[in-house]
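One structure is given here, and the rest of the page talks about it.
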Amino acid sequence: KQEVTQIPAALSVPEGENLVLNCSFTDSAIYNLQWFRQDPGKGLTSLLLIQSSQREQTSGRLNASLDKSSGRSTLYIAASQPGDSATYLCAVLWGSNYKLTFGKGTLLTVNP
Amino acid sequence: DGGITQSPKYLFRKEGQNVTLSCEQNLNHDAMYWYRQDPGQGLRLIYYSQIVNDFQKGDIAEGYSVSREKKESFPLTVTSAQKNPTAFYLCASHSLGGYTGELFFGEGSRLTVL
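Going down the list, the protein sequences come from chains C and D.
Numbering follows my numbering, in which position 8 of the first sequence is assigned residue number 8; successive positions increment by one, without gaps.
Numbering follows my numbering, in which position 106 of the second sequence is assigned residue number 1106; successive positions increment by one, without gaps.
Below, the structure written as structure tokens:
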């Protein structure tokens, strides 16, 4: 079964801390993996996309890595800020059927 | 500007009524998806489609139906058979063939059953 799991479900950190969010997936035959951010009551904002052939992508203070063999991706946030507080979602596009599966997300709170 | 338009943004329905949520995109995307979001549940896939006149069930298709008669349109009908339809519904799309990956989302439709 094609499943995506995100750990932890919630995370609270002080401002300025570096942090890592985890995403694991059950089928290594992926097309790509994407990280999103969702603010309360809002839609989704795309953060980073990693193609199947890539190992990592970077945008500003964000870095996402992909290890297909172990079925894992991490989102690294450097020097966290209160404005980073949101739910972070991982989505996998499976290569065999183009089904797009989301994890349940990690609720991040960055305290001033 | 290109994008995905979902309508209505808010919808109220009485029990026993079918309702249809609209999703239109002008991005020339091949693949379209419908998700349901409940608190603490993330996004759960209802239906998806990669080409016109073809679609596949997602993980929670019971009580829902879709059609894909045009490339740009993928309406979702929430039928009276759906036991707990109150939720936030999101439509998404992306291109296939030369796909760079970006998934586009509509702003969502919030359905409340009274």
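Backbone N, C-alpha and C define an ideal beta-carbon position, used for all residues, glycine too.
Computed from a prediction, not measured in an experiment: that's the story for all the values here.
Beta-bridge partners assigned by DSSP to V1066 of chain D: D:L1076. In the structure shown, the three-state DSSP call for P14 of chain C is strand.
Cα atoms of T45 of chain C and S59 of chain C: separation of roughly 14 Å, rounded to the nearest angstrom. The three-state secondary structure of D1030 of chain D, taken from DSSP, is coil. At least 8 Å separates the CB of T26 of chain C from every CB of chain D.
For V110 of chain C, the enclosing beta strand (DSSP E) covers residues T106 to N111.
Contiguous beta strand (DSSP E) elements confined to the segment 1081-1106 of chain D occur at 1087-1094, taking only those with 3 or more residues. Linking G16 of chain C to G83 of chain C through their CA atoms gives a straight-line distance of about 11 Å. For a Cβ distance threshold of 8 Å, residue set Y98, K99 and L100 of chain C lies close to Y1048 of chain D, ordered along the chain.
Taking a C-beta distance under 8 Å as the contact criterion, Q34 of chain C and L1103 of chain D qualify as a contact pair. Contact between Y1010 of chain D and A1031 of chain D fails: their C-beta atoms lie close to 27 Å from each other, not under 8 Å. Under a criterion of Cβ atoms nearer than 8 Å, the residues of chain D adjacent to K104 of chain C are, in order, G1040, Q1041 and G1042.
Measuring C-alpha to C-alpha distances from Q2 of chain C to each of C:Q81, C:A29, C:L21 and C:L19 identifies C:A29 as the nearest. Neighbourhood of Y1033 of chain D in chain C, by CB distance below 7 Å: L100, in chain order.
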